[in-house]
Amino acid sequence: MDWRSAFEEVYSQPASRVTAEIWRAVFGDEYPEGLDHYSYVSNSELDRYVAELTALGPGPTHLLDVGCGRGGPGLWVALRAGARLTGVDIAEEAVAESRRRAERMGLADRASYHRGTFQELPLADGEIDAVMSIDAFLFAPDKPAAACELARVLRPGGVLMMTTWDYHQQPENRPPQVGDHRPLLADAGFVVREYAETDDWHRRLDETSRQTLERVDELAVELGEPVEDQRLGLDQMRATLACMTRRVLVVADRT
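Offset between the sequence shown (1-based) and my numbering: plus 2.
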């Protein structure tokens, strides 16, 4: 599947009101309001990212957000941690929307955005103090190479923070997945400090897809797309969920 084209189409549309209402209902107080995110991130996870950045010590911190989407979560974390931000996404539409968001927030002087991939990051060796990535690493087609690229741009002592999924079965219409990310991170030069199953992940994904199916006609009208396409996408999501072992939050230090 051409994932770049798929995400260009996603981010060419305004953030969905219907989807936001569904996620708000499912996540409750853990819903990150107003970030227009395309992920299952929670407020507690974002708070953890801020804490990890703060723990790096005083002085300016350069944060990289890989798979930044519309930019909301990365800007939220960078603002609260006082960090400089670089965002990278496979879709030009996402990069453009992230730049507009940074300008609206008055953060254009400390946030820059570029098109790139996990395996080809437009950054110099050791340029970054911390990397965050939310529910995007699954789309990397070569995960060992992607982990090595993350290690390349991180300085020694820098920290990687991400959420992703372990799979017990390869899902259809997805890049190759792995059952446990710890070995490939260790091979790339990381020491995994935390590898924790995220709170309530299965119910959140299942309930989100169920409520989306209930409102699929409304969503199709909002997006101007055939309802059959929306149903197909939901069927694929539910099939993918059945292949997942767990959603994990990873914190790893660059050696």
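Quick reminder that beta carbons are idealized off the backbone N, C-alpha and C, glycines included.
Nearest-angstrom beta carbon gap, residue j and residue i [assumed within contact, 8 Å]
i      : j      : result
Leu243 : Leu207 : 5 Å
Val250 : Asp137 : Wrong, their Cβ atoms sit about 11 Å apart, outside the cutoff.
Arg117 : Glu99  : About 12 Å separates the two Cβ atoms, so there is no contact after all.
Thr166 : Val28  : Incorrect: roughly 20 Å between the Cβ atoms, too far for contact.
Ala142 : Gln121 : 7 Å
His183 : Val252 : 6 Å
Per DSSP, the bridge partner or partners of residue i
i      : result
Leu162 : Val133, Ala254
Glu122 : Thr119
Trp167 : Arg249
Val87  : In the sequence on display, residue 87 carries Leu and not Val. In the DSSP output, where bridge partners are listed per residue, Leu87 has Leu65, Ala113.
Leu140 : Answer by DSSP bridge pairing: none, since Leu140 is not bridged.
With 16 other Cβ atoms within 10 Å as the buried cut-off, status of residue i
i      : result
Gln179 : buried
Pro75  : buried
Arg256 : buried
Ser46  : exposed
Pro69  : It should be pointed out that residue 69 corresponds to Gly in this sequence rather than to Pro. Buried: at least 16 other Cβ atoms inside 10 Å.
Arg103 : buried
Val193 : exposed
Glu91  : The amino acid at residue 91 is misidentified as Glu; the sequence shows Asp. Asp91 should be labelled buried.
Ala126 : exposed
Gly108 : exposed
Glu151 : buried
Where the beta strand (DSSP E) through residue i begins and ends
i      : result
His116 : 113-117
Glu196 : 192-199
Residue interval of the alpha helix (DSSP H) (run including residue i)
i      : result
Arg206 : 203-216
Asp49  : 45-56
Tyr13  : 5-14
Cys150 : 145-155
Asp231 : 229-243
Val20  : 19-29
Glu94  : 94-106
Meets three-Cβ-pair contact criterion under 8 Å: the region 128-135 and the region 220-238: No, because fewer than three Cβ pairs between the region 128-135 and the region 220-238 fall closer than 8 Å, the two stretches do not touch.
The region 139-152 touching the region 183-198, judged by at least three CB pairs closer than 8 Å: With three or more CB-CB distances shorter than 8 Å, the region 139-152 counts as touching the region 183-198.
Cβ pair count under 8 Å reaching 3, the region 25-34 against the region 194-211: A contact is defined here as three or more CB-CB pairs under 8 Å, and the region 25-34 meets this definition with respect to the region 194-211.
Touching by the beta-carbon criterion (3+ pairs, under 8 Å), the region 219-233 and the region 153-169: Counting C-beta pairs with one atom in each stretch, the region 219-233 and the region 153-169 have fewer than three that are closer than 8 Å, which means they do not touch.
Cβ pair count under 8 Å reaching 3, the region 43-57 against the region 103-116: Segments in contact, no.
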